[in-house]
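In this text, residue positions in the sequence shown follow full-length UniProt numbering: the first is 1, and each later residue adds one. Note that the Cβ used here is the ideal one computed from N, Cα and C, for glycine as well. Notes follow the structure.
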Amino acid sequence: MSTKTGGRSRTIAIDSDTERGLSPKTFRLLALGGVGILTASYINVLQDVTAVVGGTQQLFTLVILMLAGATVLAHTISPKTATVLSVVAGALGFAYYLTATGVGVGVVFSSTDKLLSDTVALATGLSLLQMMEAGIWTLGFAPGPVFLSWYLVLRGRYTLSVIPGGIALLFLVLTGDATLLPTLLGTMGAIAAVGFGELERYRGTIMQADVLAILFAVMIVLSLSITLVPGGTSGPAFLVESDHDGTLEGSITSSPDRTTIAGDVDLSPEVRFTVHSEEESYWRTGIYDRFTGDGWVRTGQTEAYDGAIAPPPGETETVRQTVFAEGPLDVMPTAPHPVDIEGDIRENTELTMHGQFHPSEPLIEGDVYNVESAVVNASAEDLEKVGTDYPASVEERYLQRTEDTSSEFEARTAEITADADTPYETAVAIERHLRSSKGYSLNVTRPDGNVAEEFLLEMDEGYCVYFATSMTQMLRAEDVPARYVTGYTSGQQVDDNEWVVRGLNAHAWVEVYFPDHGWVAFEPTPGDTRDSVHNERLEDAREDEEDNIDTERSEDVPVSETETETADSDALPFEETDGLGSDTDTEGNETSPIGGDGPAPEQMPDQYGPIDPRTGQGYDPNSSTFDETDFETDDESDETESETPLYAPENVALGIAVLIGLAAGAHRTGATRRVSREAQLQWHGFQRSPEADTERAYRRLELLLERRYRPRRPGESTRQYLDSLSQVGYSFDDRVREVGRLYERSTYGGGVSREEADEAVALVDAMAREELPLVGRFWR
1 MSTKTGGRSR
11 TIAIDSDTER
21 GLSPKTFRLL
31 ALGGVGILTA
41 SYINVLQDVT
51 AVVGGTQQLF
61 TLVILMLAGA
71 TVLAHTISPK
81 TATVLSVVAG
91 ALGFAYYLTA
101 TGVGVGVVFS
111 STDKLLSDTV
121 ALATGLSLLQ
131 MMEAGIWTLG
141 FAPGPVFLSW
151 YLVLRGRYTL
161 SVIPGGIALL
171 FLVLTGDATL
181 LPTLLGTMGA
191 IAAVGFGELE
201 RYRGTIMQAD
211 VLAILFAVMI
221 VLSLSITLVP
231 GGTSGPAFLV
241 ESDHDGTLEG
251 SITSSPDRTT
261 IAGDVDLSPE
271 VRFTVHSEEE
281 SYWRTGIYDR
291 FTGDGWVRTG
301 QTEAYDGAIA
311 PPPGETETVR
321 QTVFAEGPLD
331 VMPTAPHPVD
341 IEGDIRENTE
351 LTMHGQFHPS
361 EPLIEGDVYN
371 VESAVVNASA
381 EDLEKVGTDY
391 PASVEERYLQ
401 RTEDTSSEFE
411 ARTAEITADA
421 DTPYETAVAI
431 ERHLRSSKGY
441 SLNVTRPDGN
451 VAEEFLLEMD
461 EGYCVYFATS
471 MTQMLRAEDV
481 PARYVTGYTS
491 GQQVDDNEWV
501 VRGLNAHAWV
511 EVYFPDHGWV
521 AFEPTPGDTR
531 DSVHNERLED
541 AREDEEDNID
551 TERSEDVPVS
561 ETETETADSD
571 ALPFEETDGL
581 GSDTDTEGNE
591 TSPIGGDGPA
601 PEQMPDQYGP
611 IDPRTGQGYD
621 PNSSTFDETD
631 FETDDESDET
641 ESETPLYAPE
651 NVALGIAVLI
661 GLAAGAHRTG
671 ATRRVSREAQ
681 LQWHGFQRSP
691 EADTERAYRR
701 LELLLERRYR
711 PRRPGESTRQ
721 YLDSLSQVGY
731 SFDDRVREVG
741 RLYERSTYGG
751 GVSREEADEA
761 VALVDAMARE
771 ELPLVGRFWR
């Protein structure tokens with residue numbers, strides 16, 4: 001626009017984009033991007049699953065096909081038809097999953113209650129990684145929401161387009177698989193899609209999006225403090241990377257469904273339980289089959305125990321044991337392989353799909369139960385003869401490896417087992433290699449990436465978790481079914497048939513499957529060094545008089561005369577011969593990780609019921625030395641292990657969300673405008689031409705007068721405005737009149753000099769500072 005005054009021509013440019021805001025096309029592209037971010041967020045969660053179980057390439061291919069199909073059909077079919085197609089795609093994927101798991105589609109009609117129960121279990125914290133065919137499930141889950149969301153956003157149905165993807169992401173949050181970062185990004189994408197879509201639809205301006213930004217920030221903050229499913233493991237649980245207490249025991253037993261691989265760990269010398277057993281054994285508490293690269297997951301759900309379990313195939317020996325809880329226990333230790341349980345706790349006992357007992361609720365001090373276990377009774381010679389005719393269910397579950405398994409890991413494993421001709425020789429070769437080539441230490445730095453590979457190829461030392469993880473994955477690389485097992489070593493022997501087990505006895509080892517025999521334990525962790533480290537910890541605890549480290553039966557038993565004597569038995573399940581190991585005679589050796597001669601079955605009490613494992617009769621629960629503080633977390637260890645780094649992606653994303661919310665809230669409440677006006681009033685800016693500086697000085701003066709009196713009305717000239725203020729006496733300030741006079745000369749007269757412009761700026765600066773609450777008192 002051009003004006004002419006006093007013979008001078010002046011052009012005022014008007015930015016058309018400022019008047020109109022962003023174009024509708026731009027808003028549409030931003031809305032499409034929002035749906036894209038939402039889709040990518042839950043596909044990323046599914047990809048984390050397929051990276052473990054396989055199927056990433058198929059997942060991405062399926063997503064691309066769905067996006068392409070939605071693009072082609074966006075203006076060809078109706079929304080109703082598109083919805084039907086999405087439902088059909090989901091139903092077909094679900095049917096394929098049921099068929100692949102061996103359940104069959106008929107379960108939808110024959111066992112609807114069980115199907116609903118499983119669905120509720122997923123929605124209340126059952127991780128996808130615990131599902132039998134998790135890879136196939138992801139392929140059945142993805143097509144529906146991907147297709148429908150993209151179709152609807154292309155049709156301009158922005159609000160509806162985020163519903164399928166939002167439901168998909170919410171479901172993954174409830175299962176506990178969606179961590180903070182994808183949840184934040186997905187939420188941000190959904191809000192962006194709706195917000196920008198509405199702006200495109202109603203041709204609004206970008207300044208109207210502040211409400212959406214505030215809503216986004218509020219949703220994120222609420223997600224940190226509100227549990228979505230009462231009693232479930234979802235909600236805020238996914239904000240924490242690790243929940244163990246910094247001890248070896250905590251990293252192994254902190255969760256019945258998964259176990260973490262930590263870095264540095266401590267040892268807890270507190271007593272956990274006492275066992276009265278016919279034979280010395282490792283006390284197994286958990287079996288895990290799915291390796292994630294940095295931890296282990298137990299697939300399948302637990303079911304209420306309803307009767308005796310079939311023993312392993314082949315020859316077994318029955319071993320009875322009575323377990324007495326010295327305090328709260330979240331696990332149920334047994335000698336492998338438990339087949340029956342007796343006692344009051346039986347009704348609260350659950351059974352995993354892998355054949356391990358687990359309490360439906362934590363055991364308390366004084367709980368006692370009897371267990372009957374069937375121990376595989378096979379010699380090394382017996383296992384040498386078995387072939388590789390593994391059951392299909394064993395091969396499907398216990399040969400899993402992550403997709404990122406490297407060729408270097410496979411090549412090194414093949415080199416170590418090059419002379420092995422049978423699965424047993426393969427297991428022994430790997431076991432001997434790890435025991436002889438790696439040192440034992442609790443002070444290790446947890447590696448990034450695949451822990452099994454890093455331990456085999458790069459690390460020089462570690463503790464049982466690292467040894468057992470690497471051996472399991474090495475066996476699977478050689479097509480030998482194996483699984484990762486956790487529990488406790490035998491503990492401190494305090495009598496012929498009695499062992500006191502402490503937190504420092506927490507352990508991990510390996511079980512290998514042999515046709516016609518079942519699961520056989522192997523011990524890849526060096527026994528001598530491990531026992532030395534653990535015994536030293538107990539001796540230090542006794543010297544420091546720590547609490548809850550002994551029972552009445554163990555306090556007078558020296559460590560050096562008990563646990564160090566069993567160090568030699570904490571060795572291989574078999575003493576190898578024929579060039580594979582030592583020359584020790586193997587005749588009669590069994591498959592238990594710890595040998596040892598227990599009492600004959602006839603020496604056990606005739607009555608098969610709960611007994612006091614320490615005194616046999618008349619146990620007084622008030623005499624226990626256990627204190628509930630046994631499970632208190634060591635603050636220093638907890639900080640070391642569980643603190644999230646300050647600049648972790650989750651913290652950065654959360655910080656951005658909060659900043660967006662604060663900025664949008666400030667804009668909505670007018671705070672940003674007030675701050676901007678105050679900045680304009682107090683700071684003139686960089687020097688420009690005399691006319692421009694004089695005009696800016698006058699604009700600042702108007703802001704000052706607006707605060708004191710009123711703003712200038714539309715159509716009101718400068719002189720009229722200043723004259724009207726004389727009614728309240730403020731304009732009698734000569735500085736106001738002088739700035740107004742200089743502005744009129746600059747705009748409508750012959751211009752102003754540099755000195756006059758500087759004078760106008762100085763006058764306004766002085767009046768502005770007088771308005772400051774504190775400075776103004778001393779400025780006048």
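| query | Out of H354, G355, T352 and A325, which has the shortest C-alpha to C-alpha gap to G343? | reply | Here residue 343 refers to the residue found at position 343 of the sequence shown. Residue A325 is the option with its Cα nearest to G343.
| query | Since A757 and T694 are thought to touch, with beta carbons under 8 Å apart, how far apart are those beta carbons, to the nearest angstrom? | reply | Within the sequence shown, residue 757 is the residue found at index 757, counting from 1. Within the sequence shown, residue 694 is the residue found at index 694, counting from 1. Indeed they touch by this definition, with Cβ atoms about 5 Å apart.
| Mind checking whether E453 and T405 have CB atoms under 9 Å apart? | The residue labelled residue 453 in the question sits at position 453 within the sequence shown. The residue labelled residue 405 in the question sits at position 405 within the sequence shown. Yes, the Cβ-Cβ distance between E453 and T405 is below 9 Å.
| Residue range of the unbroken beta strand (DSSP E) whose run includes D495 | As a working note, residue 495 is residue 495 in the sequence shown. Counting along the chain, the beta strand (DSSP E) containing D495 begins and ends at Q492 to D495.
| said: Contact between the stretch 261 to 275 and the stretch 479 to 486 is defined here as three or more beta-carbon pairs at a separation below 8 Å; is this criterion met? | reply: no
| DSSP on A308, reduced to helix/strand/coil? | In the sequence shown, residue 308 corresponds to position 308, counting from 1. Coil, per DSSP.
| request: Verify the contact flag: S373, CB atom, against every heavy atom of the ligand FMN, threshold strictly below 8 Å. | output: For the ligand FMN, the structure offers nothing, since it holds no ligand at all.
| task | Flag this pair as yes or no: are the beta carbons of G164 and M66 separated by less than 9 Å? | result | In the sequence shown, the residue the question calls residue 164 occupies position 164. In the sequence shown, the residue the question calls residue 66 occupies position 66. One point to set straight first is that residue 164 is Pro, not Gly, in the sequence displayed. No; because the gap between Cβ atoms is not below 9 Å, this pair is not in contact.
| message | Within the continuous beta strand (DSSP E) that includes I64, where are the two ends? | response | Here residue 64 is taken as the residue at index 64 of the sequence shown, counted from 1. Where I64 is concerned, there is no enclosing beta strand (DSSP E), although the alpha helix (DSSP H) it sits in stretches over T56 to L73.
| field | Rounded distance between the beta-carbons of T413 and E478, thought under 8 Å | value | If you number the sequence shown from 1, residue 478 lands on position 478. If you number the sequence shown from 1, residue 413 lands on position 413. Contact flag correct, Cβ pair sits at about 6 Å.
| task | Put F94 into one of helix, strand or coil per three-state DSSP. | result | Residue mapping note: residue 94 aligns to position 94 of the sequence shown, counting from 1. Reduced to three states, the DSSP call for F94 is helix.
| said: Please state the DSSP three-state secondary structure of P714. | reply: Residue mapping note: residue 714 aligns to position 714 of the sequence shown, counting from 1. Three-state DSSP puts P714 in coil, outside helix and strand.
| field | Nonlocal neighbours in the same chain, by C-beta distance under 6 Å from P182, ignoring five residues either side | value | Translated into the one-based positions of the sequence shown, residue 182 becomes position 182. Answer for P182: S41, N44 and V45, listed in chain order.
| query | Do the stretch 420 to 427 and the stretch 440 to 447 meet, that is, are 3 or more Cβ pairs less than 8 Å apart? | reply | no
| field | Nearest-angstrom Cα separation, counted from H337 out to P311 | value | Residue numbering aside, residue 311 sits at position 311 when the sequence shown is read from its first letter. Residue numbering aside, residue 337 sits at position 337 when the sequence shown is read from its first letter. So the two alpha carbons sit approximately 7 Å from each other.
| query | Should T179 and T50 be called a contact, given that it needs their Cβ atoms to be closer than 9 Å? | reply | Residue numbering aside, residue 179 sits at position 179 when the sequence shown is read from its first letter. Residue numbering aside, residue 50 sits at position 50 when the sequence shown is read from its first letter. Contact: no.
| field | Cβ-based burial, P714 [other Cβ within 10 Å; buried from 16] | value | In the sequence shown, the residue the question calls residue 714 occupies position 714. Label assigned to P714: exposed.
| field | DSSP three-state assignment for R290, whether helix, strand or coil | value | Position 290 of the sequence shown, counting from 1, holds the residue named residue 290. Three-state result, R290: strand.
| Own chain partners of C464 with C-beta closer than 6 Å, once the 5 adjacent residues on each side are dropped | To locate residue 464, count along the sequence shown from 1; it is residue 464. H507, A508 and T525, listed in sequence order.
| message | Does the contact criterion of 3 or more C-beta pairs under 8 Å hold for the stretch 530 to 548 versus the stretch 338 to 358? | response | no
| One or two residues paired with T334 in a DSSP bridge | Against the sequence shown, residue 334 aligns to sequence position 334. R284.
| request: Thinking T422 and S373 are a contact (beta carbons under 8 Å), I'd like their distance in whole angstroms, please. | output: As a working note, residue 422 is residue 422 in the sequence shown. As a working note, residue 373 is residue 373 in the sequence shown. In fact, because the Cβ distance is near 27 Å, the residues do not count as touching under 8 Å.
| query | Whose C-beta lies closer than 7 Å to the C-beta of S753 among residues of the same chain, with five residues either side of it excluded? | reply | Here the question's residue 753 lines up with position 753 in the sequence shown. If we look at S753 and ignore the five residues flanking it on each side, its Cβ neighbours are P690.
| Could you give the residue range of the beta strand (DSSP E) that holds W509? | By one-based count along the sequence shown, residue 509 stands at place 509. From DSSP, the beta strand (DSSP E) with W509 extends over A506 to F514.
| field | Which residues DSSP lists as bridging H276, in chain order | value | Start at 1 with the first residue of the sequence shown, and residue 276 comes out as number 276. Beta-bridge pairing links H276 to T322 and E498.
| said: So, with DSSP's three-state summary, where would you put Y463? | reply: Mapped onto the sequence shown, residue 463 falls at position 463. Of the three classes helix, strand and coil, the one that applies to Y463 here is coil, per DSSP.
| query | Are the beta-carbon atoms belonging to G34 and A193 less than 9 Å from one another? | reply | In the sequence shown, residue 34 corresponds to position 34, counting from 1. In the sequence shown, residue 193 corresponds to position 193, counting from 1. For G34 and A193, yes; Cβs fall inside 9 Å.
| task | Check the DSSP bridge columns for H358 and list the partner residues they point to. | result | Here the question's residue 358 lines up with position 358 in the sequence shown. Per DSSP, E350.
| message | At the 9 Å Cβ level, is R502 part of the contact set with chain B, yes or no? | response | As a matter of chain content, chain B is missing from the structure shown, which is built from one protein chain.
| task | Report the three-state DSSP secondary structure of T260 (helix, strand or coil). | result | Here residue 260 refers to the residue found at position 260 of the sequence shown. In the structure shown, T260 sits in a strand (DSSP, three-state: E or B).
| message | Per the DSSP calculation, N370 is bridged to which residue(s)? | response | Indexing the sequence shown from 1 puts residue 370 at position 370. Note: N370 sits in a beta bridge opposite T322 and E342.
| field | Cβ neighbour criterion (16 or more within 10 Å) applied to P605 | value | Taking the first residue of the sequence shown as position 1, residue 605 is located at position 605. For P605, the predicted model reports a pLDDT of 36, less than 50, meaning its position is unreliable; a value from the coordinates is still stated below. Flag for P605 reads exposed.
| field | Neighbourhood of A571 by C-beta, 7 Å cutoff - its chain only, sequence neighbours within 5 removed | value | Start at 1 with the first residue of the sequence shown, and residue 571 comes out as number 571. Bear in mind that a pLDDT of 38 at A571, under 50, signals an unreliable position, so the model cannot answer this.
| query | For the alpha helix (DSSP H) that contains Y390, what are its first and last residues? | reply | Reading the sequence shown from its first residue, position 390 is the one you call residue 390. That residue, Y390, is in no alpha helix (DSSP H); it is neither H nor E in DSSP.
| request: Express the C-alpha separation of R28 and R697 in angstroms, rounding to a whole number. | output: For the purposes of this step, residue 697 is taken as residue 697 along the sequence shown, with counting starting at 1. For the purposes of this step, residue 28 is taken as residue 28 along the sequence shown, with counting starting at 1. Per the sequence shown, the amino acid found at residue 697 is Ala instead of Arg. Near 41 Å, if we compare the C-alpha coordinates of R28 and A697.
| message | On the CB-based measure, 16 or more other CB atoms within 10 Å of its CB, does F686 come out buried or exposed? | response | Along the sequence shown, read from residue 1 onward, the residue named residue 686 stands at position 686. By the 10 Å Cβ count, F686 comes out exposed.
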